[in-house]
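Asker: For the sequence shown, this note's numbering begins at 21 and goes up steadily by one.
Cβ atoms here follow ideal geometry from the backbone N, Cα and C, with glycine treated the same way.
Keep in mind the model is a prediction, meaning the values are calculated, not measured.
The structure that follows is given in the form of structure tokens.
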Amino acid sequence: MDLLQTKDVLMSNYGERPLVIVRGEGPFLYDDKGRRYLDFTAGIAVCNLGHAHPGVAQILADQSRTLIHTSNLFLVPGQVKLAQKLLENTSFSDDARVMFVNSGTEANEAALKLARRYQSVTAGNSDKHHILSLPGGFHGRTMGSLSATPKRAYHEGFTPLVPGFDTPDTLDVLLEHIDEHTAACIVEVVQGEAGVYPLEASFLQALQQKLHEFGALLIVDEIQTGVGRTGTFFAYEQVGIQPDIVTMAKGLGNGVPVGAVIASASVAAAFTPGTHGTTFGGNPLAMAVANYVVDQVLEPTFLANVRVQGERVEGVLRNRFGNVSGRGLMWGFDVDDADVFVRDAKELGLLVTKCGTKRIRIVPPLIIQEEHVSLFSSIVRQL
Ligand SMILES: *Cc1c(COP(=O)(O)O)cnc(C)c1O
Numbered sequence: 021m022d023l024l025q026t027k028d029v030l031m032s033n034y035g036e037r038p039l040v041i042v043r044g045e046g047p048f049l050y051d052d053k054g055r056r057y058l059d060f061t062a063g064i065a066v067c068n069l070g071h072a073h074p075g076v077a078q079i080l081a082d083q084s085r086t087l088i089h090t091s092n093l094f095l096v097p098g099q100v101k102l103a104q105k106l107l108e109n110t111s112f113s114d115d116a117r118v119m120f121v122n123s124g125t126e127a128n129e130a131a132l133k134l135a136r137r138y139q140s141v142t143a144g145n146s147d148k149h150h151i152l153s154l155p156g157g158f159h160g161r162t163m164g165s166l167s168a169t170p171k172r173a174y175h176e177g178f179t180p181l182v183p184g185f186d187t188p189d190t191l192d193v194l195l196e197h198i199d200e201h202t203a204a205c206i207v208e209v210v211q212g213e214a215g216v217y218p219l220e221a222s223f224l225q226a227l228q229q230k231l232h233e234f235g236a237l238l239i240v241d242e243i244q245t246g247v248g249r250t251g252t253f254f255a256y257e258q259v260g261i262q263p264d265i266v267t268m269a270k271g272l273g274n275g276v277p278v279g280a281v282i283a284s285a286s287v288a289a290a291f292t293p294g295t296h297g298t299t300f301g302g303n304p305l306a307m308a309v310a311n312y313v314v315d316q317v318l319e320p321t322f323l324a325n326v327r328v329q330g331e332r333v334e335g336v337l338r339n340r341f342g343n344v345s346g347r348g349l350m351w352g353f354d355v356d357d358a359d360v361f362v363r364d365a366k367e368l369g370l371l372v373t374k375c376g377t378k379r380i381r382i383v384p385p386l387i388i389q390e391e392h393v394s395l396f397s398s399i400v401r402q403l
């Protein structure tokens, strides 16, 4: 593909992209010159069943011949099926409720709006609208989620952001920022964009307790960690907390855009008819694929494989790099120069992403087997 031509027609917000990927198969991608790469990016923790998955392809073909889209003017049976599955297989009680959207940032927008509406309408306190988020947090690029994302570089030129958002400079003082005006705090259990840093269970438990003391809600952003990425369906299951609202997206559709929000009964009830909506959210095509993906992840051996391969990957990394951190099949580690590392890895047939000038993130498809970890190991030894 002519790169000059690309610059003539596409906006440059993604910068330059050195690879043109044209095909995939399982954990491998192929470029336009036929070169094969071991894909430890999985489309940023999205293609968890791998590329060109025959089951996903079949579902997509069948559903597209049946019905792709109706909008939410009509009931989509796949939404009911998937919501039931999510409620039955998570720690939310049966009276919790689910809403489907199209992306991560939209799931967070829905969660933030739901939290404010719950405090304003259900709890009857419209002054209780502050949204707290964590240093290092990443929640998306639309105005609401961007306002909860403290990274300065992402704000430049986009201010003023949404009022009422607050992120303290350090974690130590976070709890002190919770008061009677706090509507909710949004948090990742493992901070992905920040460098794959898991938060302490004791900190998250203290956060939940303090929020609830003040009648504020705990929103857990599982957009990257959800649907099996960390070795359990949700990462929060490993740290002894129960969110009031959880958001997910990336791993839910294996690349078909879909997101979801689960909220406990009393919170979910704040979305009365007409209060929030999306044209595409939860359409029959997305629901068919997401139902299939969730069925696969809930197979008894699936998450066990994530944990086994995760330990192997961790072993490889700890042997070779400093400051290794993560859970399941989501890891970060330090290198001298992340740009050089990404480029050299690519030359050796391995795709990874950087998440800092000296930090690399790997999020392979969750279906990788021992042979893929061995291949990863042999490439990493040359880096
Ligand atoms: C990717 C991500 C988002 C944003 O998702 P988009 O689908 O890119 O809008 C939000 N939160 C977390 C934790 C993410 O990793």
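From the DSSP output, which residues share a beta bridge with phenylalanine 8?
Answerer: This structure does not reach residue 8, given that the chain is present from 21 up to 403, and the question cannot be answered.
Asker: Taking only the alpha-carbon atoms, compute the straight-line gap between proline 91 and glutamine 99 and give it to the nearest angstrom.
Answerer: Taking the sequence shown and counting its residues from 1, the one referred to as residue 91 is at position 71. Taking the sequence shown and counting its residues from 1, the one referred to as residue 99 is at position 79. Inspection of the sequence shows that residue 91 is occupied by serine rather than by proline. Rounded to the nearest angstrom, the two C-alpha atoms are 12 Å apart.
Asker: Mapping the DSSP letters down to three states, classify phenylalanine 361 as helix, strand or coil.
Answerer: Within the sequence shown, residue 361 is the residue found at index 341, counting from 1. Phenylalanine 361 falls in the helix class under three-state DSSP.
Asker: By Cβ distance below 6 Å, which residues in the same chain neighbour glutamine 211 in space, the five residues on each side in sequence not counted?
Answerer: Against the sequence shown, residue 211 aligns to sequence position 191. Only Gly156, Tyr217 meet the Cβ criterion.
Asker: Is lysine 366 closer than 9 Å to alanine 65 when the C-beta atoms are compared?
Answerer: On the sequence shown, position 45 is the one that residue 65 refers to. On the sequence shown, position 346 is the one that residue 366 refers to. Contact flag unset, no.
Asker: From isoleucine 198 to glycine 144, what distance separates their C-alpha atoms?
Answerer: Stepping through the sequence shown from its first residue, residue 198 is reached at position 178. Stepping through the sequence shown from its first residue, residue 144 is reached at position 124. Distance between the alpha carbons of isoleucine 198 and glycine 144: 19 Å.
Asker: Can you name the start and end residues of the alpha helix (DSSP H) that serine 165 belongs to?
Answerer: In the sequence shown, the residue the question calls residue 165 occupies position 145. Start and end: 163-167.
Asker: For alanine 203, which of Tyr34, Gln228, Phe223, Ala236 has the nearest alpha-carbon?
Answerer: Here residue 203 corresponds to residue number 183 of the sequence shown, with the count starting at 1. It is Ala236 whose Cα lies nearest to the Cα of alanine 203.
Asker: To the nearest angstrom, how far is the alpha carbon of threonine 162 from that of methionine 350?
Answerer: Numbered from its first residue, the sequence shown carries residue 162 at position 142. Numbered from its first residue, the sequence shown carries residue 350 at position 330. Going by the C-alpha atoms only, they are around 25 Å apart.
Asker: Report whether the distance from the Cβ of asparagine 68 to the nearest heavy atom of ligand 1 is below 8 Å.
Answerer: For this step, residue 68 is matched to residue 48 along the sequence shown. No, since every heavy atom of ligand 1 falls outside the 8 Å radius drawn around the Cβ of asparagine 68.
Asker: Determine contact between the stretch 338-348 and the stretch 307-319, defined as no fewer than three beta-carbon pairs at a distance below 8 Å.
Answerer: Too few Cβ pairs lie closer than 8 Å, so no.
Asker: Starting from glycine 44, trace the beta strand (DSSP E) in both directions and tell me its first and last residue.
Answerer: In the sequence shown, the residue the question calls residue 44 occupies position 24. Taken as a continuous stretch (DSSP letters only), the beta strand (DSSP E) holding glycine 44 covers 41-45.
Asker: Use the C-beta contact count for glutamine 228: other C-beta atoms within 10 angstroms, 16 or more gives buried, fewer gives exposed.
Answerer: Here the question's residue 228 lines up with position 208 in the sequence shown. When all chains shown are included, glutamine 228 counts as buried.
Asker: Could you check if proline 38 is buried or exposed, using at least 16 other CB atoms within 10 Å of its CB as the buried criterion?
Answerer: Position 18 of the sequence shown, counting from 1, holds the residue named residue 38. Classification for proline 38: exposed.
Asker: Cβ of glycine 352 within 9 Å of Cβ of isoleucine 380?
Answerer: What you label residue 352 is simply residue 332 of the sequence shown in a count that begins at 1. What you label residue 380 is simply residue 360 of the sequence shown in a count that begins at 1. Yes; because the gap between Cβ atoms is below 9 Å, this pair is in contact.
Asker: Determine the DSSP secondary structure at lysine 148, reduced to helix, strand or coil.
Answerer: The residue you call residue 148 lines up with position 128 of the sequence shown. Residue state, collapsed to three classes: coil.
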